[in-house]
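Per the working numbering, the sequence shown starts with residue 3, numbered consecutively. Built from N, CA and C at the ideal position, the CB exists for glycine as well. All values reported here derive from a predicted model rather than from experimental measurement. Only one structure is covered here, and it is reproduced in the block below.
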Amino acid sequence: LLGRMKSIHDELEQATTFIAVFPSDSARVQYLDDLEILARQTDTLAQLSQSAAIGLIRSALARVTEHVPRAFEFARRNRASARDSVIDLLISPSLLNVDRVLESTGILMEQRTAEQVEDFAVRTEEAGVVAVGALGIAILLSLGIALWLTRSISSPLRELEAGMRAVAEGHFRRPLAISGDRGDEFGRLAESFRSMAAQLEELDRLKAEFVSVATHELKTPVNVMLGYLQLLQENVYGDLTDRQREIAGTLVSQTQQLSRLIRQLLDVSRFDAGGGKLETKPVVLSEFLDDLERAFRVLALQREVSFEVKSDRDIPHEVLWDPVRINEVLGNLLSNAFKFTNKGGRVSLAVGREGDQVRMQVNDTGAGIPRDQLPHIFEKFYQADTQAPLALRGAGLGLAIAKSIVTAHNGSIEVESRVGIGTTFTIRLPIRVIRRPSSGTAV
């Protein structure tokens, strides 16, 4: 505040020297406005400081306000002697008094502030000593309580939580570091958990066995049906009417869809049992990507969606993958991207290198996936709410199989999505995949 008042005071002194040169009405109005501002700031200063010098400032400003119009009037009429008398004898001394009072008030306020700061520092130091002592006692008590809670409650709870998380992810044999001999509730919970995990493991085994047997049994009759339907379409058993040919086409389409579902179920059961095989071989990555782009170029034109495949310069020339399986993964992701992207949208596949891995990102500007559904997107038979028509939705196995294939390549797959913005799937695969034996069959 004192700084602002000093600044306006300096402006007034400077304006006083220019009264003889610029005695215009606008200069006079500006001068009086500055005086009014300085008077208001003096009122504010009076609330902060009870110094008697505030009255001196007010009286000095009143004299300046009274005589400034006369000085401007004398200057406008070229009465230099009268003008200089008013300025030298009335205005300038008053402004000088204001300056002196501001200086003395500033010094006084600085002294008071220093005294208050020093007093506050002493009190703060005293309070700090008390607080440190209390804090030390509180810390010791907290450490004792925390140690007791950790040993008796927190550790078993974390162990049970980790076990439940492992079971939810399909790892039924994760050991618990809680003895069943404990006589408390945690011991009984641990025994119940082990029993539950064993039952779930058996149920999972029976489910996988049932799916495998059922799909194998379904595969042959479905193929026979499809073969006969195709023979009917080829008029092997006689000519078909247009209506009969339409019905046969519908049956072929539905049978092919059923055949795809059976193949997907077989894939899922094989990977669940550790028997999903990879046929790795050297693949020229640029040619692989060119083939993929050509395969989806027609779909992009049909859907009226922009599509491009972008690859960095440093991608490896050759990779050791199962090209059929990786093509299946990328094909599934790109098909979904086109399926859920409206006309005028964009779909892209970006490929780059990260150390000894290849990064592939499938990005679209489609409907997006709600955040709360992202953790379940790779689960079997799970279908995210993408606001797509039911006719466009599959069985919910494509992404589960894609993750199994990527995992079998010792890679990873992640998803990021925002509703109404789009979705990005990121796959990272080793440049060279080493085939390793699984629990039953070589992977």
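Taking only the alpha-carbon atoms, compute the straight-line gap between residue i and residue j and give it to the nearest angstrom.
i      : j      : result
Phe20  : Asp86  : 12 Å
Leu280 : Gly368 : 32 Å
Phe188 : Ala148 : 18 Å
Glu450 : Tyr384 : Since the first and last residues shown for the chain are 3 and 445, residue 450 lies out of range.
Arg160 : Glu418 : 29 Å
Asn344 : Ile415 : 25 Å
Val119 : Gly130 : 16 Å
Thr46  : Ile56  : 10 Å
Leu137 : Gly146 : 14 Å
Arg1   : Ala48  : Here the chain covers residues 3 to 445 and nothing more, so residue 1 does not appear.
Gly424 : Leu301 : 19 Å
Ala116 : Val421 : 59 Å
Asp293 : Arg299 : 10 Å
Leu220 : Ser181 : 46 Å
Ala386 : Gly135 : 57 Å
Val238 : Leu253 : 17 Å
Val326 : Ser406 : 14 Å
Gly354 : Leu332 : 15 Å
Asp244 : Arg262 : 27 Å
Val270 : Gly251 : 29 Å
Arg114 : Gly5   : 17 Å
Determine, using beta carbons only, whether residue i and residue j come nearer to each other than 8 Å.
i      : j      : result
Gln363 : Ile433 : no
Asn334 : Ala404 : yes
Ser313 : Arg348 : no
Ile317 : Leu287 : yes
Pro372 : Glu320 : no
Val311 : Glu295 : yes
Leu97  : Val66  : yes
Thr18  : Ser94  : yes
Arg305 : Phe340 : yes
Val435 : Leu322 : yes
Leu228 : Gln256 : no
Ala168 : Arg176 : yes
Gly370 : Lys382 : no
Phe76  : Arg30  : no
Arg196 : Leu208 : no
Leu162 : Leu191 : yes
With burial defined as no fewer than 16 other Cβ atoms inside 10 Å of the residue's Cβ, what is the status of residue i: buried or exposed?
i      : result
Asn80  : exposed
Ala393 : The predicted position of Ala393 is uncertain, since its pLDDT is 45 and thus under 50; no value can be drawn from it.
Gln201 : exposed
Val132 : exposed
Trp150 : exposed
Pro158 : buried
Phe453 : Look at the range of the chain in this structure, 3 to 445, and you will see that residue 453 is not part of it.
Pro377 : exposed
Ser9   : exposed
Asp90  : exposed
Val226 : exposed
Gly413 : buried
Ala297 : exposed
Ala199 : buried
Thr222 : exposed
Assuming the contact rule is C-beta atoms closer than 8 Å, residue i and residue j should be a hit. Round their C-beta distance to whole Å, please.
i      : j      : result
Thr361 : Arg315 : Note that residue 361 is Arg in the sequence shown here, rather than Thr. Not really, about 14 Å apart at Cβ, beyond 8 Å.
Leu234 : Leu242 : 7 Å
Leu351 : Phe380 : With a Cβ gap of about 19 Å, Leu351 and Phe380 do not count as contacting.
Met7   : Gln32  : Rounded, the Cβ-Cβ distance is 17 Å, inconsistent with contact.
Asn338 : Thr426 : That pair is no contact at about 12 Å.
Val224 : Leu267 : Actually they are not in contact, since the Cβ atoms of Val224 and Leu267 sit about 12 Å apart, beyond 8 Å.
Is there a Cβ of chain D sitting closer than 8 Å to that of residue i, yes or no?
i      : result
Arg299 : The structure shown contains no chain D, having only a single protein chain.
Next on the checklist: Closer than 8 Å is the cut-off here; do at least three beta carbon pairs connect the stretch 25 to 37 with the stretch 118 to 131?
Outcome noted: No: fewer than three Cβ pairs fall under 8 Å.
Checklist entry - Counting pairs of beta carbons, one from the stretch 58 to 73 and one from the stretch 90 to 104, are three or more of them closer than 8 Å? => result yes
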